[in-house]
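Here is the structure we will look at, set down as structure tokens.
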Amino acid sequence: MTIKGRVWKFGDDIDTDAIIPARYLNTSDPVELAKHVMEDADKAFPSKVKKGDVIVGGKNFGCGSSREHAPIAIKAAGVQTVVAKSFARIFFRNAFNIGLPIFECPELPENVSEGEVIQIDPAKGVIRTKKGEFKVKPIPPFMAELIGAGGLVEWTKKKLSARKKAGK
Amino acid sequence: MTITEKILAGHIVKSGGKKKKVSPGELINAKIDFVLANDITAPIAISEFKKIGARDVFDRKRVTFVPDHFAPQKDIKAAEQCRMLKDFSRDYRLAYYYEVGRMGVEHALLPEEGLVLPGDVIIGADSHTCTYGALGAFATGVGSTDVASAMATGELWFKVPESMKFIYHGRKLQKWVGGKDLILHTIGDIGVDGALYRAMEFEGEAISALPMHARLTMCNMAIEAGGKSGIIVPDGVTEKYVKGRAKRGYKFYMSDPKAVYAEIREYDARKIPLTVACPSLPSNTKPAAELSSISIDQVVVGSCTNGRLEDLREAAKIIKGRKVNPNVRMLVIPATQRIYREAMKEGLLDLFVAAEAVVSTPTCGPCLGGHMGILARGERALATTNRNFVGRMGHPESEVYLSGPAVAAASAVLGRIGVPEELGL
Numbered sequence: 504m505t506i507k508g509r510v511w512k513f514g515d516d517i518d519t520d521a522i523i524p525a526r527y528l529n530t531s532d533p534v535e536l537a538k539h540v541m542e543d544a545d546k547a548f549p550s551k552v553k554k555g556d557v558i559v560g561g562k563n564f565g566c567g568s569s570r571e572h573a574p575i576a577i578k579a580a581g582v583q584t585v586v587a588k589s590f591a592r593i594f595f596r597n598a599f600n601i602g603l604p605i606f607e608c609p610e611l612p613e614n615v616s617e618g619e620v621i622q623i624d625p626a627k628g629v630i631r632t633k634k635g636e637f638k639v640k641p642i643p644p645f646m647a648e649l650i651g652a653g654g655l656v657e658w659t660k661k662k663l664s665a666r667k668k669a670g671k
Numbered sequence: 015m016t017i018t019e020k021i022l023a024g025h026i027v028k029s030g031g032k033k034k035k036v037s038p039g040e041l042i043n044a045k046i047d048f049v050l051a052n053d054i055t056a057p058i059a060i061s062e063f064k065k066i067g068a069r070d071v072f073d074r075k076r077v078t079f080v081p082d083h084f085a086p087q088k089d090i091k092a093a094e095q096c097r098m099l100k101d102f103s104r105d106y107r108l109a110y111y112y113e114v115g116r117m118g119v120e121h122a123l124l125p126e127e128g129l130v131l132p133g134d135v136i137i138g139a140d141s142h143t144c145t146y147g148a149l150g151a152f153a154t155g156v157g158s159t160d161v162a163s164a165m166a167t168g169e170l171w172f173k174v175p176e177s178m179k180f181i182y183h184g185r186k187l188q189k190w191v192g193g194k195d196l197i198l199h200t201i202g203d204i205g206v207d208g209a210l211y212r213a214m215e216f217e218g219e220a221i222s223a224l225p226m227h228a229r230l231t232m233c234n235m236a237i238e239a240g241g242k243s244g245i246i247v248p249d250g251v252t253e254k255y256v257k258g259r260a261k262r263g264y265k266f267y268m269s270d271p272k273a274v275y276a277e278i279r280e281y282d283a284r285k286i287p288l289t290v291a292c293p294s295l296p297s298n299t300k301p302a303a304e305l306s307s308i309s310i311d312q313v314v315v316g317s318c319t320n321g322r323l324e325d326l327r328e329a330a331k332i333i334k335g336r337k338v339n340p341n342v343r344m345l346v347i348p349a350t351q352r353i354y355r356e357a358m359k360e361g362l363l364d365l366f367v368a369a370e371a372v373v374s375t376p377t378c379g380p381c382l383g384g385h386m387g388i389l390a391r392g393e394r395a396l397a398t399t400n401r402n403f404v405g406r407m408g409h410p411e412s413e414v415y416l417s418g419p420a421v422a423a424a425s426a427v428l429g430r431i432g433v434p435e436e437l438g439l
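In the order they appear, the protein sequences are chains A and B.
If you want the numbering used here, it's the 1-based position in the first sequence plus 503.
If you want the numbering used here, it's the 1-based position in the second sequence plus 14.
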């Protein structure tokens with residue numbers, strides 16, 4: 504399966520307060536959160552973003568708080584995936600846990616323009632832009648297992664039932 | 015092995031006996047000693063926990079929820095979220111639940127209560143969970159779904175982090191310089207992703223001489239350098255702090271002399287000045303003395319970083335007999351009820367109020383732009399908190415500077431960023 508989408512570009516160190524400001528965290532309703540996604544990085548973003556779009560970030564994307572609301576807001580806004588030079592670690596975990604696919608590709612930001620439609624081929628581990636083909640870092644095997652199970656909740660369910668069978 | 019590797023090796027879940035050694039990069043499943051979440055992150059953890067379908071939490075004494083971010087409940091939505099914590103704690107008969115009046119800012123409260131201990135593996139759905147590394151524990155922030163999984167199983171997967179060592183030479187710090195200045199200086203040196211995915215291990219003469227509250231301040235901000243955790247090898251200071259509070263057994267781990275570090279950085283602690291992080295990253299640091307042209311509208315002394323009794327004492331020493339500048343509102347937020355009460359007994363709260371500062375009940379409040387001291391467009395705050403991202407304390411066009419309590423209190427009096435020396439202190 505390839506992911507095809509229009510690119511929105513952001514810079515380095517996009518923090519979780521920019522992705523979803525804490526002033527909106529008195530709810531965890533994905534639809535409400537999506538209304539304010541990326542608002543403190545680009546006020547107009549919630550009205551501009553369309554289903555199927557792709558966010559491209561620089562280094563350390565998602566730094567700051569542990570709020571799972573950040574990847575939830577991005578996913579609920581219809582964004583298919585985030586590609587960044589690197590991710591802050593809690594955001595990285597959270598994205599996989601809630602089923603938002605993300606990719607690390609250090610070369611991409613310099614080789615893609617805003618509004619351009621790119622193609623990501625997760626199986627081959629490449630991203631195609633007007634400027635060529637760029638390799639993404641392979642997804643760690645355990646993360647692939649999580650995705651295969653349908654996220655951490657499903658994975659945990661399996662683990663608990665295996666435990667039960669073993670009589671623990 | 016490093017202390018971090020030893021703690022993780024000691025918690026590894028493996029059928030057929032305990033594994034003795036782990037290496038950085040290795041993926042492990044670890045036993046969890048303590049799980050926490052707050053009123054922002056617990057609601058999602060609770061709904062995910064229910065989706066998992068577990069009948070009970072793995073251990074009722076090892077899971078707790080602290081309503082601290084938007085508590086005392088700031089609006090109806092926040093109240094609904096806090097109520098979920100209360101209901102769950104009751105329905106699942108959790109041993110510890112902290113209602114307003116008993117609660118505090120989670121990372122000040124749990125060490126104080128003796129619920130997080132040396133040698134533990136602790137996860138929290140809050141990025142500043144790394145605070146507890148000051149006790150010699152492996153503690154790291156995770157998301158709500160991770161918390162839900164650990165609540166159900168008592169386990170969680172981790173990638174063993176590389177360790178990065180920070181050595182602070184020299185016992186004697188400059189006057190008024192404390193843990194906050196050391197950690198801001200360090201983040202300024204390595205950047206907000208300078209320790210990405212790594213465990214930051216702090217050591218050296220200056221750390222050995224550092225009291226526990228300052229160690230907690232340092233480890234609290236490991237995340238601001240991208241760190242997975244911060245840690246200090248436990249010693250006599252740790253033992254003294256933990257003794258009499260610990261609600262269960264604990265264990266001291268040490269790093270081996272031959273432990274391998276990805277990187278070692280050394281500082282002369284005697285030369286580290288009073289430090290301020292300028293907008294909009296904690297790494298954007300400057301000596302406080304160089305920022306005297308920056309006027310301010312608000313000062314906040316509090317938070318999981320610097321809301322402990324010793325922090326209030328430090329601010330009070332400067333405030334005593336002075337007045338907060340007429341252009342400034344100063345908020346003092348003791349981080350827990352116990353700290354609040356001690357500060358009251360010591361007369362610190364009276365000093366603040368006499369100086370025309372406001373004393374608040376414990377809450378994270380303004381630190382994350384929640385409530386109790388939000389900034390208008392164009393306003394500027396100096397806070398003893400941990401983050402100064404765009405819009406962190408209010409309007410996206412407001413600004414936050416970060417410092418320790420001494421600089422914060424002196425600045426409140428001066429009406430601009432300044433150092434205690436300017437007040438003859």
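Even glycine gets a Cβ: it sits at the ideal position worked out from N, Cα and C.
query                                                                                                                        : result
In DSSP terms, what P301/B is bridged to                                                                                     : T289/B
H409/B, enclosing beta strand (DSSP E) - first and last residue                                                              : Segment: none, H409/B is in no beta strand (DSSP E) and carries neither H nor E.
Simplified DSSP assignment, three categories, for W190/B                                                                     : coil
Stretch-stretch touch, CB-based, cutoff 8 Å, three pairs: the stretch 170-189 of chain B with the stretch 212-228 of chain B : yes
Chain A within 8 Å of Y267/B, Cβ atoms only                                                                                  : no
Status (buried if at least 16 other CB within 10 Å, exposed otherwise) for N341/B                                            : exposed
Segments assigned alpha helix (DSSP H), at least 4 residues, entirely inside the stretch 553-599 of chain A                  : 572-579
Neighbour list for P380/B in chain A, Cβ cutoff strictly below 7 Å                                                           : Ordered by position in chain A, no residue passes the 7 Å Cβ test against P380/B, which lies about 10 Å from the chain.
CB contact below 8 Å: L41/B versus chain A                                                                                   : yes
Cross-strand partners of L345/B (DSSP beta bridge)                                                                           : V314/B and V372/B
Contacting positions in the stretch 358-388 of chain B - beta carbon closer than 7 Å to chain A                              : L382, G383 and G384
Own chain residues within Cβ distance below 8 Å of K668/A, not counting five before or after                                 : none
For R279/B, the residue or residues it bridges with in DSSP                                                                  : F180/B
Interface flag, F180/B vs chain A, CB-CB below 8 Å                                                                           : no
Opening and closing residue of the beta strand (DSSP E) in which S99/B lies                                                  : It is worth fixing the name first, because residue 99/B is Leu in this sequence and not Ser. Counting along the chain, L99/B falls outside any beta strand (DSSP E), though it belongs to the alpha helix (DSSP H) covering I90 to D105.
Inside the stretch 24-57 of chain B only - beta strand (DSSP E) runs reaching at least 3 residues                            : 41-45 and 48-52
V77/B: first and last residue of the uninterrupted beta strand (DSSP E) it sits in                                           : V77 to V80
Test item: CB-CB of T18/B and A148/B under 8 Å                                                                               : no
First through last residue of the beta strand (DSSP E) which encompasses F645/A                                              : Where F645/A is concerned, there is no enclosing beta strand (DSSP E), although the alpha helix (DSSP H) it sits in stretches over P644 to A652.
Cβ pair count under 8 Å reaching 3, the stretch 274-287 of chain B against the stretch 55-63 of chain B                      : no
Where the beta strand (DSSP E) through T632/A begins and ends                                                                : V629 to T632
Interface residues of chain A facing Y159/B [CB-CB closer than 8 Å]                                                          : For the record, residue 159/B in the displayed sequence is Thr; it is not Tyr. What T159/B touches in chain A: E571, N597, N600, I601, G654, L655 and V656.
Closer than 8 Å at the beta carbon, the chain B residues around I630/A                                                       : Under the 8 Å cutoff, chain B gives no residues; its nearest Cβ is about 22 Å from I630/A.
Coarse secondary structure for M246/B, derived from DSSP in three states                                                     : For the record, residue 246/B in the displayed sequence is Ile; it is not Met. In the structure shown, I246/B sits in coil (DSSP, three-state: anything other than H, G, I, E or B).
Rounded distance between the beta-carbons of P549/A and A580/A, thought under 8 Å                                            : 7 Å
I650/A versus F599/A, A665/A and V629/A, residue with shortest Cα-Cα distance                                                : F599/A
Buried/exposed call for M358/B, threshold 16 Cβ in 10 Å                                                                      : exposed
Contact list for Y211/B against chain A, beta-carbon separation under 8 Å                                                    : R592
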